[in-house]
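Below is one structure; the comments refer to it alone.
Protein chains in written order, with our numbering: chain A, 405 to 651; chain B, 78 to 339.
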């Protein structure tokens with residue numbers, strides 16, 4: 405589903421070249437649930453933006469659903485759902501329902517499919533109470549659930565989430581986690597998520613990839629991650645050790 | 078594409094209507110600015126009978142055609158030159174994840190229906206000028222051609238102005254001078270300007286083809302600058318070249334978009 409081959413992205417900042425991502429290679433088969441970890445500035449968001457075609461890689465190749473994202477961005481958009489935890493993709497002044505209706509048109513989802521899908525999402529994400537509320541008046545937890553629904557209305561094969569649980573309370577987090585798990589288990593949606601919340605990782609991700617300074621430093625299961633530092637007992641300690649380079 | 082545009086525009090219209098007072102004020106201001114432009118021309122002719130050899134009606138005809146092309150673009154695509162705000166805030170990302178060309182989404186972004194008032198006004202001025210001039214009807218076919226040409230040229234300029242902002246994020250005003258600045262030039266017969274300036278806007282940016290060159294044909298006049306007659310008909314070709322250049326520049330801009338942190 406996702407295939408990166410020595411992908412790199414560098415930026416010129418005041419005449420020096422900064423490599424946000426370099427020589428990154430990994431592949432994610434269909435149906436997987438991958439957690440993408442790394443300290444701030446490690447290159448997580450840059451990777452995500454290359455996956456959805458927002459950023460063009462400066463070296464190597466990226467393939468998502470068999471397409472080159474930066475060249476076939478609008479075609480890929482129909483097959484991928486993207487959620488940015490830090491920024492909404494909904495229309496600020498419109499009621500949530502209207503945003504969904506607009507998305508239905510943009511993604512050319514037929515009315516019948518849309519209705520069934522919206523009913524399902526409204527139920528599982530508990531949106532009913534605020535479908536008629538303008539997005540700007542929603543709480544962060546409500547908005548996040550709205551954004552998730554918006555990203556899934558067109559039933560994408562791949563769901564990419566950049567910090568979907570950032571700033572949410574425990575109840576909201578739990579409901580979003582349960583929802584993502586169901587999407588993956590029941591629909592076989594391939595999920596890739598970045599997070600700083602290790603609870604997300606422990607509860608959801610069968611596979612963990614760790615990136616630091618733009619390079620992949622770990623790729624394996626949770627058990628394998630824990631085994632890299634047998635003397636540590638919690639995932640926090642293991643990850644801290646990896647982030648600080650084994651100190 | 079067109080359907081998607083109007084769907085987005087309708088969405089923004091409903092969003093704008095949520096703030097009623099500002100909606101009404103925008104409509105009033107829009108009409109007032111247009112009226113000032115016309116008043117300026119009338120004031121000039123209150124003091125003289127001809128402007129660089131053109132009568133009042135002829136100047137209003139040139140004004141009307143440029144103004145119609147310009148206000149149509151100002152209404153429907155002018156948001157392209159606000160792309161630097163989206164680039165700086167990182168909100169351009171959200172346009173890029175949707176299965177619709179970013180150009181359409183950004184052109185329709187924050188669509189303000191009140192600008193249509195100025196289009197109506199341009200139509201009124203043009204209708205008056207055409208009626209008062211008593212034109213040779215065998216030459217009138219050029220009028221719709223020049224309006225479409227003008228729309229393509231201004232839309233391409235706006236696209237170029239937007240594309241330029243991927244490189245000059247901090248200088249949207251530079252790009253504005255392209256669009257609003259050039260429109261100011263086109264409001265009067267180009268013969269009131271210096272020869273070198275007119276050369277520049279004929280050959281470099283094909284602004285002279287919005288209303289000046291084809292307008293001379295419609296009015297049955299020779300070019301005071303002495304350009305050959307076939308140039309009256311080059312408008313559509315010039316518009317096409319400019320549109321292709323603008324499309325290429327836009328694509329380059331999107332490919333070089335850097336997004337923001339996180």
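Even glycine gets a Cβ: it sits at the ideal position worked out from N, Cα and C.
- The CB of residue 497 of chain A comes closer than 7 Å to the CB of 92, 95 in chain B, given here in chain order.
- In this structure the region 146 to 165 of chain B touches the region 229 to 245 of chain B; the number of beta carbon pairs closer than 8 Å is three or more.
- Around the CB of residue 330 of chain B, 16 or more other CB atoms lie within 10 Å, so the residue is classed as buried.
- If you look at residue 624 of chain A, you'll find it in the beta strand (DSSP E) that goes 619 to 624.
- Segment contact: the region 78 to 93 of chain B against the region 460 to 468 of chain A, fewer than three CB-CB distances shorter than 8 Å; contact not assigned.
- Runs of the beta strand (DSSP E) lying entirely within the region 262 to 299 of chain B, each at least 3 residues long, are absent.
- Fully contained in the region 133 to 214 of chain B are the following alpha helix (DSSP H) runs of length 4 or more, in chain order: 133 to 153, 160 to 166, 169 to 173, 179 to 185, 193 to 210.
- With respect to residue 189 of chain B, residue 93 of chain B sits close: the two C-beta atoms are nearer than 9 Å.
- For residue 411 of chain A, the pairing in a beta bridge is given by DSSP as A:428.
- Under the three-state reduction of DSSP, residue 100 of chain B is assigned to helix.
- In the DSSP assignment, residue 334 of chain B forms no beta bridge with any residue.
- Around the beta carbon of residue 524 of chain A, fewer than 16 other beta carbons sit within 10 angstroms, so the residue counts as exposed.
- Around the beta carbon of residue 254 of chain B, fewer than 16 other beta carbons sit within 10 angstroms, so the residue counts as exposed.
- Going by beta carbons, residue 115 of chain B and residue 200 of chain B fall outside the 9 Å limit.
- In this structure, residue 609 of chain A lies near residue 626 of chain A, with their beta-carbon atoms less than 9 Å apart.
- For residue 336 of chain B, the chain A residues whose Cβ falls inside 7 Å of its Cβ are 453, 458, 459, in order along the chain.
- Flagged as an interface residue toward chain B: residue 481 of chain A, by a C-beta distance shorter than 9 Å.
- For residue 177 of chain B, the neighbours in chain A by C-beta distance under 7 Å run, in chain order, 478, 510.
- Excluding sequence positions up to five before and after residue 501 of chain A, its CB lies within less than 7 Å of the CB of 535, 536, all in the same chain and listed in chain order.
- Closest in C-alpha terms to residue 511 of chain A, from the list A:545, A:408, A:526, A:554, comes A:554.
- Per the coordinates, the alpha-carbon of residue 293 of chain B lies some 16 Å from the alpha-carbon of residue 278 of chain B.
- Rounded to the nearest angstrom, the gap between the Cα atoms of residue 448 of chain A and residue 424 of chain A is 9 Å.
- Proximity to residue 306 of chain B across B:313, B:291, B:318 peaks at B:291, based on C-alpha coordinates.
- For the region 301 to 333 of chain B, the residues whose beta carbon sits under 9 Å from a beta carbon of chain A are, in order, 331, 332, 333.
- Comparing alpha-carbon positions, the option among A:587, A:594, A:572, A:478 lying closest to residue 407 of chain A turns out to be A:594.
- Around the beta carbon of residue 265 of chain B, 16 or more other beta carbons lie within 10 angstroms, which makes this residue buried.
- Closer than 9 Å to the CB of residue 85 of chain B there is at least one CB belonging to chain A.
- Here residue 539 of chain A is actually not in contact with residue 456 of chain A; their C-beta atoms are around 21 Å apart, not less than 8 Å.
- In the structure shown, residue 474 of chain A adopts coil according to DSSP, grouped into three states.
- Contact between residue 146 of chain B and residue 231 of chain B holds: CB atoms are separated by about 6 Å, below the 8 Å threshold.
- According to the DSSP assignment, residue 82 of chain B belongs to no beta strand (DSSP E) but to the alpha helix (DSSP H) extending over 79 to 94.
- Here residue 78 of chain B is exposed: its Cβ has fewer than 16 other Cβ atoms, across all protein chains shown, within 10 Å.
- The CB of residue 502 of chain A comes closer than 8 Å to the CB of 88, 91 in chain B, given here in chain order.
- Against chain B, a Cβ distance below 7 Å from residue 540 of chain A picks out nothing, because the smallest value is about 10 Å.
- Selection B:295, B:179, B:113 evaluated against residue 215 of chain B yields B:295 as nearest (Cα-Cα).
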